[in-house]
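Chains as they are written, first to last, in our numbering: chain P, 1 to 154; chain L, 155 to 286.
What follows is a short report on a single structure.
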Amino acid sequence: MSETPPSILPPGSRFDPGLASRMMTRHGHGGWLGIRYHDHGENWVELSLPWREDLVGIDGKGVLASGPIISLMDNATSMSVWTMTGQFVPHATLDLRVDYMRAASPGQTVIGRGECYKLTRTISFIRGIAHDGDPADPVAHVIGTFMATHGSYL
Amino acid sequence: MSGLALPPYAQALGIEIDHDEAGEPVLRVDYSNRVAGRPGFLHGGAMSGLMEMAGFAALQAELDRRGETMRLKPVNIQVEFMRGGTEQVTYAKGTVTRAGRRVALVNAEAWQDDRAKPIALAQIKVLLIPAE
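In structure tokens, the structure reads:
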């Protein structure tokens with residue numbers, strides 16, 4: 001299971017995706033990738049991934065590798081769950097499927113929008129898209145599940 | 155990607171080719187802040203990225219054996235996370251399940267100190283486009 005960041009908020013306080021992103025993306029893999037907070041709503045969070053030369057993949061023509069897109073979407077969907085529950089609940093990614101619609105445009109920042117569309121006590125169901133400017137023309141679609149590892153979502 | 159050259163993303167993340175196992179490359183990444191998720195654990199995205207690179211490397215090795223030059227275009231990836239990765243070396247290897255003329259299906263697994271206990275599995279579908 002993929003582990004997620006530890007609680008950065010005192011128990012009982014309302015989860016704030018903007019604040020949490022700033023703290024969570026300062027270190028570790030997300031920080032190295034340069035992932036930043038972009039926007040959020042009731043059950044969704046958008047994070048951004050600026051293009052960088054050293055994140056280019058097998059295409060070799062300036063197209064971002066798919067690994068960073070997976071990381072972006074793992075983080076955005078994970079945070080969408082806590083945004084929906086309103087509090088931090090330790091959880092782990094059970095599975096994630098990513099469909100690549102097209103290559104991300106070289107030089108463009110990729111926005112990852114993660115949405116939690118269903119919560120049960122133990123499982124959260126998430127989906128999302130990654131786009132590089134036009135949400136109607138996504139780079140990737142994702143779908144997956146997380147499991148609450150300590151306590152429950154509801 | 156040629157048989158032995160990893161793309162910029164893999165190199166920047168610290169992914170290396172560890173050794174060759176019956177014609178299929180085993181990739182490794184040392185634990186560092188670059189691959190860290192929550193403190194003490196490997197990030198799921200880094201794990202996925204490593205498996206994807208292992209998958210592409212296995213497919214490239216297979217295409218090299220056939221003498222085919224193809225451009226690889228990822229269609230999708232399905233990742234199952236089974237255990238939390240801890241602060242140690244992580245390995246990954248891809249296995250080409252089916253490589254036809256236009257599409258290939260590659261399985262990949264990631265493990266740490268115990269090969270018999272993979273931490274994650276991935277299924278990767280790749281479109282093969284004849285290089286011009």
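Heads up, the beta-carbon is just placed ideally off N, CA and C, and yes, glycines get one too.
Keep in mind that this is a model prediction, so the values were computed, not measured.
Identify the contact partners of residue i in chain L, using a Cβ-Cβ distance below 8 Å as the criterion.
i: P68(P); result: Y163, G199 and G203
i: R97(P); result: N230, I231, Q232 and V233
i: D74(P); result: H197, G198, G199 and S202
i: S71(P); result: H197, G198, G199, A200, S202 and G203
State the start and end residues of the unbroken alpha helix (DSSP H) segment that holds residue i.
i: S78(P); result: S66 to T85
i: P162(L); result: P162 to L167
i: A20(P); result: P17 to M24
i: H150(P); result: No alpha helix (DSSP H) holds H150(P); DSSP gives it neither H nor E.
i: G221(L); result: Per DSSP, G221(L) belongs to no alpha helix (DSSP H) and is neither H nor E.
i: G34(P); result: No alpha helix (DSSP H) contains G34(P), which DSSP labels as neither H nor E.
With the cut-off set at 8 Å, would you say residue i and residue j are in Cβ contact?
i: L213(L); j: A258(L); result: yes
i: Y163(L); j: A65(P); result: yes
i: N230(L); j: Y117(P); result: no
i: V98(P); j: A104(P); result: no
i: A140(P); j: R113(P); result: no
i: S78(P); j: L47(P); result: no
i: A215(L); j: G239(L); result: no
i: M73(P); j: G30(P); result: no
i: V183(L); j: L160(L); result: no
i: M207(L); j: I169(L); result: yes
i: G34(P); j: P106(P); result: no
i: V56(P); j: L96(P); result: no
i: A253(L); j: M201(L); result: no
i: W32(P); j: R188(L); result: yes
Mind pulling the chain L residues with CB within less than 7 Å of residue i?
i: I58(P); result: M155, P161, F210 and L226
i: T93(P); result: G198 and F235
Using the three-state DSSP reduction, which class does residue i fall into: helix, strand or coil?
i: Q214(L); result: helix
i: W51(P); result: coil
i: A253(L); result: strand
i: S202(L); result: helix
i: R188(L); result: helix
i: G238(L); result: coil
i: G114(P); result: strand
i: G248(L); result: strand
i: G144(P); result: strand
i: A270(L); result: coil
i: A276(L); result: strand
i: A208(L); result: helix
i: F195(L); result: strand
i: M1(P); result: For M1(P), the predicted structure reports a pLDDT of 49, less than 50, and the residue's modelled location is therefore unreliable. A value from the coordinates is still provided. M1(P) falls in the coil class under three-state DSSP.
i: P106(P); result: coil
i: H27(P); result: coil
i: S156(L); result: Summary for S156(L): the model assigns pLDDT 43, below 50, so the residue's position carries little reliability, and this model does not support an answer.
i: A285(L); result: coil
Residues of chain P with a CB under 8 Å from the CB of residue i: which are they?
i: A166(L); result: D54 and L55
What residues of chain P sit near residue i, judged by a beta carbon separation below 7 Å?
i: I283(L); result: The contacting residues do not exist; I283(L) stays about 11 Å from chain P at best.
i: E206(L); result: S66 and G67
i: R188(L); result: H29 and W32
Can you pull the chain P residues whose beta carbon is under 9 Å from the beta carbon of residue i, in chain order?
i: E263(L); result: Within chain P, no residue comes near E263(L); the closest Cβ sits about 14 Å away, beyond 9 Å.
i: Q266(L); result: What Q266(L) touches in chain P: nothing, since even the nearest Cβ is about 13 Å away.
For the beta strand (DSSP E) containing residue i, list its first residue and its last residue.
i: L181(L); result: E178 to V183
i: E42(P); result: Unbroken run through E42(P): none, as it is neither H nor E.
i: S171(P); result: The question about residue 171(P) has no answer, for chain P in this structure spans 1 to 154.
i: H225(P); result: Missing from the structure shown is residue 225(P); chain P here goes from 1 to 154 and no further.
Using a Cβ cut-off of 9 Å, pull out every chain L residue sitting near residue i, in sequence order please.
i: Y100(P); result: K227, P228, V229, N230 and I231
i: S21(P); result: Under the 9 Å cutoff, chain L gives no residues; its nearest Cβ is about 14 Å from S21(P).
Do residue i and the ligand HEM come close, with the Cβ less than 7 Å from some heavy atom?
i: H197(L); result: Ligands displayed in this structure: none; no statement on the ligand HEM is therefore possible.
* To do: Decide yes or no for the touch test of the segment 140-147 of chain P against the segment 35-45 of chain P: beta carbon pairs closer than 8 Å, at least 3 of them.
  => no
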